[in-house]
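Engineer:
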Amino acid sequence: MPTTLLQPGQIEAAAGSIPELRLPPADLFLARARRLEQLAGQHTLGDYLRFVARLARAQHECLTAGPEARLPTPERLAQCREYRMPPLGPAGLAKPSGWRDIARHLARAVQPALPAAGQAALRPILQGQDAWLDEQAARLFEGDTQHLDAAVAPLIGAALQVHWTHLARQLDPAQVARPEHPNLCPVCGSHPVSSVVRIGGAENGLRYLHCALCSSEWHVVRAKCSNCDNTRGVTYHYLEGGDNVVRAESCPECRTYLKIVHQDKDPLADPVADDLASLTLDLLMDEAGFARSGVNWYLIQGHP
Ligand SMILES: [Zn+2]
Ligand SMILES: [Zn+2]
16 MPTTLLQPGQ IEAAAGSIPE LRLPPADLFL ARARRLEQLA GQHTLGDYLR
66 FVARLARAQH ECLTAGPEAR LPTPERLAQC REYRMPPLGP AGLAKPSGWR
116 DIARHLARAV QPALPAAGQA ALRPILQGQD AWLDEQAARL FEGDTQHLDA
166 AVAPLIGAAL QVHWTHLARQ LDPAQVARPE HPNLCPVCGS HPVSSVVRIG
216 GAENGLRYLH CALCSSEWHV VRAKCSNCDN TRGVTYHYLE GGDNVVRAES
266 CPECRTYLKI VHQDKDPLAD PVADDLASLT LDLLMDEAGF ARSGVNWYLI
316 QGHP
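Residue numbers (the working numbering): 16 to 319.
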């Protein structure tokens, strides 16, 4: 009997209407912190993962407190949808002064866990002028890592994540247009950290890209390069002897890769935490000649 092989996109299309956009849940940072604590156990980067876990817990506190942040006007949201523009693009959005308080709160929360040198490195956030903090944020948005203060960049990034995640949570998926290209977040236009295969409900088995800034997730079929849309010759790489929860999806056209984190192999897997805990895979991909397309703001200066 002849067998018809369906490609991943066809399988997903055949399943009927699927959620194209997942806006961030309330416990996003808490779940991330728990996953980081779990991964830190026997890990060679255990101390680093525990540090980020502490940071993620502090992010959860700030998000729960409900930072001051207002969505663009309904007219602006409708306009963005009509022209298929991300409604929360950082360029068109003012940062309320509250974001700096979040940055300072995060710095105070992680400071006790750091050695003396690390504590001193956080001083610019705690004592820095508002203008200096705004300038650091602008550099982070521009991807200007050369002029960023390396020690404080993850804290600045974490504060901006809280702010944008809070904004994204106030949206309705119907207010956001489908992106023309799958490489940038349809909500805020930022790059993805990695991608994640979700389990349960209508999302079961679907792959979503996870936004580095606003924590929204958008659906992109598997075996498709999210950087250049190519579907030919996409290859998966993993570490020998590993559990395959994290693999790297590489593209022979643009020579980049994005990690794919499998909740179907571990239900607690998290697109940001598991990305940090699999830096060995990044070294392997670098040796194989592929550039990383994912951006992880906890790791903005490269390897810890
Ligand atoms: Zn986003
Ligand atoms: Zn590509």
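The beta carbon of each residue, even a glycine, is placed where N, CA and C say it ideally should be. These figures come from a predicted structure and were not determined experimentally.
Sort out for me which residues DSSP pairs Leu254 with in a bridge.
Structural biologist: Answer is none; Leu254 lacks a bridge partner.
Engineer: Quick check: Glu301 and Arg47, are their CB atoms within less than 7 Å of each other?
Structural biologist: The question names Glu, but residue 301 is Asp in the sequence shown. No.
Engineer: With distances taken from CA atoms, which of Val235, Tyr251, Asp258, Phe305 is nearest Glu35?
Structural biologist: Answer by Cα proximity: Val235.
Engineer: In this structure, does DSSP put Pro207 in helix, strand or coil?
Structural biologist: The answer is strand: DSSP assigns Pro207 an E or B state.
Engineer: From Asp279 to Ile214, what distance separates their C-alpha atoms?
Structural biologist: About 6 Å.
Engineer: Leu15 and Leu45: beta carbons closer than 7 Å?
Structural biologist: For residue 15 there is no data in the structure shown, the boundaries of the chain being 16 and 319.
Engineer: Taking only runs that begin and end inside the segment 51 to 114, name each unbroken beta strand (DSSP E) of 3 or more residues, in chain order.
Structural biologist: Segments of the beta strand (DSSP E) lying fully in the segment 51 to 114: there are none.
Engineer: Figure out for me which residue from Leu182, Glu268, Cys266, Tyr251 has the closest Cα to the Cα of Val260.
Structural biologist: Minimum Cα distance to Val260 is reached at Tyr251.
Engineer: Taking three-plus beta-carbon pairs below 8 Å as touching, is the segment 196 to 206 in contact with the segment 102 to 122?
Structural biologist: Verdict: yes, contact present.
Engineer: Asn311: buried (16+ other C-beta within 10 angstroms of its C-beta) or exposed?
Structural biologist: Classification of Asn311: buried, given that the 10 Å Cβ count is 16 or more.
Engineer: Return no unless some Cβ of chain C is closer than 7 Å to the Cβ of Ala136.
Structural biologist: In the displayed structure, chain C is absent; only one protein chain is listed.
Engineer: Can you list every residue whose CB sits closer than 5 Å to some heavy atom of ligand 2, going in chain order?
Structural biologist: Cβ-based neighbours of ligand 2 within the cut-off: Cys240, Asn242, Cys243, Asn245, Cys266, Glu268, Cys269.
Engineer: Can you list every residue whose CB sits closer than 6 Å to some heavy atom of ligand 1, going in chain order?
Structural biologist: Those residues, listed in chain order, are Cys200, Val202, Cys203, Ser205, Cys226, Leu228, Cys229, Ser231.
Engineer: Given a cut-off of 7 Å, decide if Gly309 and Val212 are closer than it, judged by their beta-carbon atoms.
Structural biologist: No, Cβ-Cβ distance for Val212 and Gly309 is not below 7 Å.
Engineer: Answer with buried or exposed for Ile33, where buried requires no fewer than 16 other C-beta atoms within 10 angstroms of its C-beta.
Structural biologist: Answer is exposed; the Cβ neighbour count stays below 16.
Engineer: Is the CB-CB distance between His58 and Leu64 below 7 Å?
Structural biologist: For His58 and Leu64, yes; Cβs fall inside 7 Å.
Engineer: What beta strand (DSSP E) runs, 3 residues minimum, are completely inside the segment 230 to 301?
Structural biologist: With a minimum length of 3 residues, the continuous beta strand (DSSP E) runs that stay inside the segment 230 to 301 are 232 to 234, 250 to 252, 261 to 265, 271 to 277.
Engineer: Could you check which residue in Val177, Ala183, Leu182, Leu148 has the C-alpha nearest to that of Ala168?
Structural biologist: Selected option, being the one with the closest Cα: Leu148.
Engineer: Between Ala55, Ile275, Leu283, Leu78, which lies nearest to His181 when the distance is taken from Cα to Cα?
Structural biologist: Comparing Cα positions, the closest option is Leu78.
Engineer: With DSSP collapsed to three states, give me the class of Ala303.
Structural biologist: Three-state result, Ala303: coil.
Engineer: According to DSSP, simplified to helix, strand and coil, what is Arg37?
Structural biologist: Three-state result, Arg37: strand.
Engineer: Per DSSP, which one or two residues make a beta bridge with Leu224?
Structural biologist: Leu224 is bridged to Ser210, Trp233.
Engineer: When we look at the beta-carbon of Leu175 and count the other beta-carbons within 10 Å, is it buried (16 or more) or exposed?
Structural biologist: Result: buried.
Engineer: Are Arg184 and Pro39 touching if we call contact CB-CB under 7 Å?
Structural biologist: For Arg184 and Pro39, yes; Cβs fall inside 7 Å.
Engineer: Mind the definition here: the segment 64 to 74 touches the segment 116 to 130 only if three or more C-beta pairs lie below 8 Å; say whether that holds.
Structural biologist: The segment 64 to 74 is in contact with the segment 116 to 130.
Engineer: If you follow the alpha helix (DSSP H) that Asp145 is in, where does it begin and where does it stop?
Structural biologist: 145 to 157 is the extent of the alpha helix (DSSP H) around Asp145.
Engineer: Whole-angstrom Cβ separation of Lys110 and His162, contact assumed at under 8 Å?
Structural biologist: About 18 Å separates the two Cβ atoms, so there is no contact after all.
Engineer: Alpha carbon to alpha carbon, how far is Cys95 from Gly61?
Structural biologist: Each residue's alpha carbon lies about 43 Å from the other.
Engineer: Going by beta carbon distance, what residues of the same chain come within less than 7 Å of Ala118, once the five residues before and after it are set aside?
Structural biologist: Within the same chain, Ala118 has close Cβ partners Ile140, Leu148, Leu170, Ile171, Ala174.
Engineer: Could you tell me which of Trp114, Arg270, Leu155 sits nearest to Ala80, measuring between CA atoms?
Structural biologist: The option with the nearest alpha carbon to Ala80 is Trp114.
Engineer: Would you kindly check if the distance between the Cβ of Val276 and the Cβ of Asp289 is under 7 Å?
Structural biologist: Going by C-beta atoms, Asp289 is nearer than 7 Å to Val276.
Engineer: With H, G and I counted as helix, E and B as strand and the rest as coil, what does DSSP make of Ala166?
Structural biologist: Coil at Ala166, not helix or strand.
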